[in-house]
Amino acid sequence: MEIKEDLKLIGSFASPFVYRIIWALNLKGVEFEYVEEDILNKSQMLLKCNPVHKKVPVLIHRGKPIAESAVILEYIEETWPGVRCLLPKDPYERSAARFWVKFGEDKNRSCYMFFMTAGEKQVKAAREAREILSILESEGLKDKKYFGGSEVGMADLIFSWIPCFLDMLEEASGVKVMGESSEDFPRLKAWCQEFRDMDVVKNTKFHRQEMVAYYKRRRLMFIS
């Protein structure tokens, strides 16, 4: 059953942070209007709705803007709490999920740095990214299907860039972070497949060639 709301999402086709919100809303069955933003030529609507960071995503609910993807995920969970919960009800499990959400927010930029650097800096950044992935493998997932347990939750959405965007960043940068051997991050790779197999993800149309080309242009801007 679709939940009809006065809801608008400002996003960009190439932003992993935007897809967190798209998938969260789709999981909960909440209808929304999507507005594509030109990141290199930002609209007045974006600048007005997010004057501090001037970034996507921004969720506008009944005329009120909410910025920053992790904050938006919390808002979605609190606004539609009884529909496909993104956080466990048990207080301990809920705190554990929030720990990994916080870990993801703290470490995601470190994971991306291999894409934003070159030479020795890139080698170091790729090594640091693998170390973070190793922590997710051994401590985040352990023997669980998802980071939150048996169902996809907020922590999985925070790390959704790994199954859906990492390979494009690797292609754009010429560096393999996760590795191709079956012995490299087996739990993380199994989780990646489970995540990609969800209907809300399978039904997402990724324009891969356009996205990789965009990432290559962005990379040149970072390293020049």
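At position 32 of the sequence shown (counting the first as 1) the number is 32 in full-length UniProt numbering, and the numbers step up by one without a gap. The C-beta atom is built at its ideal place from N, Cα and C for all residues, glycine as well. Computed from a prediction, not measured in an experiment: that's the story for all the values here.
Give the C-beta separation of residue i and residue j to the nearest angstrom, bearing in mind that I take them to be a contact with Cβ-Cβ under 8 Å.
i                 : j                 : result
alanine 97        : proline 91        : The Cβ separation is near 11 Å, so there is no contact.
phenylalanine 115 : serine 160        : Going by Cβ atoms, the distance from phenylalanine 115 to serine 160 rounds to 16 Å, so no, they are not a contact pair.
valine 200        : leucine 27        : 6 Å
aspartate 156     : phenylalanine 195 : 6 Å
valine 191        : tyrosine 146      : This sequence places tryptophan at residue 191; valine is not what is there. At roughly 7 Å, the Cβ-Cβ gap stays under 8 Å, so tryptophan 191 and tyrosine 146 are in contact.
alanine 118       : valine 177        : In fact, because the Cβ distance is near 15 Å, the residues do not count as touching under 8 Å.
arginine 20       : isoleucine 158    : 7 Å
alanine 70        : valine 101        : 6 Å
glutamine 122     : valine 175        : 6 Å
leucine 46        : glutamate 37      : 5 Å
At a threshold of 7 Å, does residue i count as lining the ligand ATP (C-beta to nearest heavy atom)?
i          : result
glycine 63 : Absent from the structure shown: the ligand ATP. Ligands present: none.
List the DSSP bridge partners of residue i.
i            : result
tyrosine 146 : Gly149
glycine 11   : Glu36
proline 65   : Ile60
isoleucine 3 : Val30
Could you check the C-alpha separation between residue i and residue j for me, to the nearest Å?
i             : j                : result
valine 58     : leucine 7        : 11 Å
proline 65    : aspartate 106    : 23 Å
glutamate 180 : cysteine 164     : 16 Å
tyrosine 34   : phenylalanine 17 : 14 Å
leucine 25    : arginine 109     : 24 Å
leucine 169   : arginine 208     : 11 Å
serine 12     : glutamine 193    : 24 Å
lysine 42     : arginine 218     : 16 Å
lysine 142    : lysine 216       : 34 Å
proline 51    : glycine 63       : 15 Å
glycine 140   : glutamate 74     : 20 Å
aspartate 197 : asparagine 203   : 10 Å
leucine 220   : arginine 94      : 40 Å
Report the residue from the options whose alpha carbon sits nearest the alpha carbon of residue i.
i                 : options                       : result
arginine 187      : Phe103, Ser134, Arg94         : Ser134
methionine 113    : Glu2, Val201, Phe222          : Phe222
histidine 53      : Ala67, Ile60, Arg62           : Ala67
glycine 29        : Ser12, Ser15, Arg130, Glu5    : Glu5
residue 288       : Ala14, Phe32, Leu166, Pro51   : Examination of residue 288 is not possible in this model, given that the chain is present from 1 through 224 alone.
isoleucine 10     : Glu2, Lys142, Cys111, Ile60   : Ile60
glycine 104       : Glu77, Ile162, Pro51          : Ile162
glutamate 31      : Leu166, Glu2, Val56, Asp167   : Glu2
phenylalanine 99  : Ile72, Tyr75, Cys111, Leu136  : Leu136
phenylalanine 185 : Ser138, Lys144, Val56         : Ser138
glutamate 171     : Glu183, Lys144, Glu210, Ile72 : Glu210
Quiz item: Is the stretch 77 to 88 close to the stretch 140 to 154, with three or more CB pairs under 8 Å?
Solution: yes
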